[in-house]
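Numbering (my numbering), first residue to last: 46 to 669.
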């Protein structure tokens with residue numbers, strides 16, 4: 046008869062192990078209403094949360110892939126455990142003493158995974174106990190030389206692996222672990238020698254603080270292993286593409302702040318955390334990849350409507366640029382919310398903290414720039430922008446970057462950035478990029494046969510928003526003010542002052558409406574032939590056709606200067622309201638204690654915007 050856990054004990058484990066806490070170690074959960082929580086499913090890729098947890102009932106279910114069950118089922122699935130191993134793991138967390146029977150005989154040993162985790166934990170404690178030994182003076186010199194004290198070393202559970210090649214082996218043998226278990230855990234080699242010898246050691250933990258493996262740095266010149274850094278080999282619990290150093294400390298801050306800072310080394314993680322950047326993590330023995338990205342997205346609870354960010358501290362050299370391009374090749378939804386923080390002198394966070402102090406590390410992260418912009422600048426920098434052909438080649442080289450952006454609202458902004466970088470007109474850049482993309486995908490842009498498109502229709506086939514101007518829906522109420530403002534400007538230009546009542550291109554959210562306004566702004570008004578001149582200088586066919594439509598479309602009001610002023614105020618009011626929403630969101634993400642100056646600046650801007658909002662509301666009342 047096989048070993049069996051007492052049913053009462055299993056029920057007690059289910060009762061004590063809160064499913065929201067267990068699942069929350071792997072997935073960032075948010076309130077879904079009705080006593081339920083939701084997040085991104087850890088069992089399949091998704092952009093919007095369909096994974097739901099109901100703590101009152103103790104169950105989870107994903108409406109996307111159909112996975113569901115209780116807290117034991119979840120742990121079995123997420124960590125690839127047997128039922129017995131999952132119950133034992135939860136029992137350890139909740140303090141339940143399990144009664145296991147097998148015809149009265151003692152229970153069998155737990156599965157390999159649990160034994161490996163137990164061995165790793167024992168090894169971590171052993172390494173930590175060695176830091177005060179006489180041999181470990183080199184460890185203490187290393188820690189001190191990086192600007193850390195003993196308290197910091199203990200906080201990050203740093204340890205020292207003795208040079209004696211069997212020190213850990215003998216210690217764990219006495220603790221009851223077999224050679225087979227230690228080899229499977231990656232702690233000793235097949236020969237019986239310790240895997241790490243004479244090295245500074247960092248334990249690598251999961252979000253639930255279980256030790257999965259180790260990273261070790263060379264400190265002795267006579268080290269037989271030439272590699273500066275050495276990591277635990279692949280085991281049943283350690284998969285280098287699925288682990289991030291520092292995640293045990295950063296998990297909760299990442300979920301709370303919807304931010305993750307990815308650095309390159311163990312000491313960089315330490316420097317960031319000690320500087321107040323408690324969302325810092327690092328990949329272990331491998332480059333940051335797709336699995337890491339999905340892990341961070343789950344922890345942040347990201348979806349298409351959620352504004353999270355991942356900040357990479359790449360070096361500004363060729364290696365850093367190559368790393369940025371590798372990240373750029375990941376899921377573009379992830380890339381769209383990714384930023385790069387580059388230290389001008391090429392210092393990593395640890396060296397920066399050592400040289401300039403902790404505020405400099407916080408400033409480094411604060412100066413982050415979008416990954417798109419970082420990559421675009423590096424692409425453009427390869428060309429001679431003083432020459433016409435160099436500028437043309439730079440725009441063509443940057444075209445694939447723009448075409449990869451899924452969020453059409455971002456394309457327009459990066460088109461302006463590219464135009465500014467190369468010193469060309471934005472419409473000219475838009476045309477070159479559009480032509481380049483169409484050459485790359487000729488089939489997607491072939492005109493449909495035996496059909497003509499009416500103005501109110503969307504173009505046939507796929508359209509890259511921002512590269513080929515989409516036709517705006519005249520029935521879209523969200524764009525009604527933009528459309529009516531342009532109708533007034535085109536049909537009654539004399540009602541406006543020379544600055545068009547202070548309206549700017551940023552007041553238009555639809556790319557076609559913005560393009561029409563930019564032409565109006567760039568074409569000085571003249572009493573005769575002004576509309577013909579507008580048509581002549583308009584490059585884009587959609588914008589030219591839209592002008593015609595707006596010129597003939599009726600205005601249900603007898604306009605005068607007061608009405609035009611009120612309408613343009615209404616247009617600017619919408620922009621102000623959008624900026625207010627963005628600023629309020631930013632204020633929520635700024636810690637007033639850690640970043641008092643930034644918080645004060647944002648609050649001052651908020652007061653100014655609120656004042657402008659009230660003024661515009663009064664003026665725009667005449668447009669109703």
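Glycine included, every Cβ here is placed at the ideal spot set by N, Cα and C. Just so we're clear, the structure is a prediction, and the values are computed from it rather than from any experiment.
### Residues bridged to residue 247 [DSSP beta-bridge criterion]
260
### Query
Do residue 336 and residue 287 come within 7 Å of each other at the CB atom, strictly closer than that value?
yes
### Message
Our contact map puts residue 12 next to residue 264 with C-beta atoms below 8 Å; I'd like the distance itself, whole angstroms only.
### Response
Because the chain here runs from 46 to 669, residue 12 falls outside it and cannot be looked at.
### Query
Taking buried to mean at least 16 other C-beta atoms within 10 Å of its own C-beta, is residue 494 buried or exposed?
The predicted model places residue 494 with a pLDDT of 40, which falls under 50 and marks its position as unreliable, so this point remains unresolved.
### Task
Consult DSSP for residue 393 and reduce its assignment to one of helix, strand or coil.
coil
### Query
Is residue 514 near residue 585, with beta carbons less than 7 Å apart?
yes
### Task
Alpha carbon to alpha carbon, how far is residue 69 from residue 507? Give it in angstroms, no decimals.
Its pLDDT being 33, under 50, residue 507 is placed unreliably in this model, and the value from its coordinates should be taken loosely. Whole-angstrom Cα-Cα distance: 39 Å.
### Message
Distance check for residue 83 and residue 658, CA to CA, integer angstroms please.
### Response
36 Å
### Task
Check the C-beta distance from residue 394 over to residue 308 and give it rounded, since I have them as a contact under 8 Å.
6 Å
### Message
What would DSSP say about residue 95, mapped onto helix, strand or coil?
### Response
coil
### Task
Could you check the C-alpha separation between residue 433 and residue 440 for me, to the nearest Å?
11 Å
### Task
Please name the residue, chosen from 519, 458, 444, 450, that lies closest to residue 483 on a Cα-to-Cα basis.
444
### Query
Which ranges would you report for the alpha helix (DSSP H) in the region 379-461 if only whole runs of at least 4 residues count?
394-401, 403-411, 416-425, 433-448
#### Entry: Bridge partners - residue 327, DSSP secondary structure assignment
290, 308
#### Entry: Spatial distance of residue 77 from residue 427 (CA atoms)
49 Å
### Task
Give me the Cα-Cα distance between residue 60 and residue 175, rounded to the nearest whole angstrom.
40 Å
### Task
For residue 531, collect the residues of the same chain with a Cβ closer than 7 Å to its Cβ; drop the 5 residues on either side in sequence, then sort them by chain order.
558, 561, 562, 595
### Query
If residue 420 and residue 373 are in contact, beta carbons under 8 Å, what's the gap, nearest whole angstrom?
5 Å
### Task
Assuming residue 399 contacts residue 409 (C-beta within less than 8 Å), just tell me the rounded distance between them.
Not really, about 13 Å apart at Cβ, beyond 8 Å.
### Query
Is the CB-CB distance between residue 109 and residue 86 below 7 Å?
yes
### Message
If I measure Cβ to Cβ from residue 88 and keep anything under 7 Å in the same chain, skipping five residues before and after, which residues do I get?
### Response
107, 110, 112, 122
### Query
Nearest-angstrom Cα distance between residue 201 and residue 458?
42 Å
#### Entry: First through last residue of the alpha helix (DSSP H) which encompasses residue 665
641-665
### Message
Assess contact between the region 155-168 and the region 129-140, defined as three or more Cβ pairs (one per stretch) separated by less than 8 Å. Is contact present?
### Response
yes
#### Entry: Pair within 7 Å by beta-carbon distance, residue 191 and residue 51
no
### Query
How far does the alpha helix (DSSP H) with residue 217 in it reach, from first residue to last?
212-219
### Query
Can you name, in chain order, every residue of its own chain whose Cβ lies under 8 Å from the Cβ of residue 350, other than the five neighbours on each side?
Low confidence applies to residue 350: its pLDDT is 40, below 50, so where it sits in the model is not reliable enough to give any reading.
### Query
What is the residue span of the alpha helix (DSSP H) that residue 180 lies within?
Taken as a continuous stretch (DSSP letters only), residue 180 belongs to no alpha helix (DSSP H), as it is neither H nor E.
### Task
Express the C-alpha separation of residue 299 and residue 289 in angstroms, rounding to a whole number.
13 Å
### Task
State whether the region 161-181 contacts the region 211-222, with contact taken as three or more CB pairs (one from each stretch) at a distance under 8 Å.
yes
### Task
Can you have a look at residue 653 and say buried or exposed, based on whether 16 or more other CB atoms are within 10 angstroms of its CB?
exposed
#### Entry: residue 77, enclosing alpha helix (DSSP H) - first and last residue
No alpha helix (DSSP H) contains residue 77, which is instead part of the beta strand (DSSP E) from 75-78.
### Task
Inspect the beta-carbon positions of residue 115 and residue 104 and report whether they are closer than 7 Å.
yes
### Message
Checking 7 Å against the spacing of the C-beta atoms, do residue 609 and residue 661 come in under that value?
### Response
no
### For residue 107, the residue or residues it bridges with in DSSP
96
### Query
On the three-state DSSP scale, how would you describe residue 283?
coil
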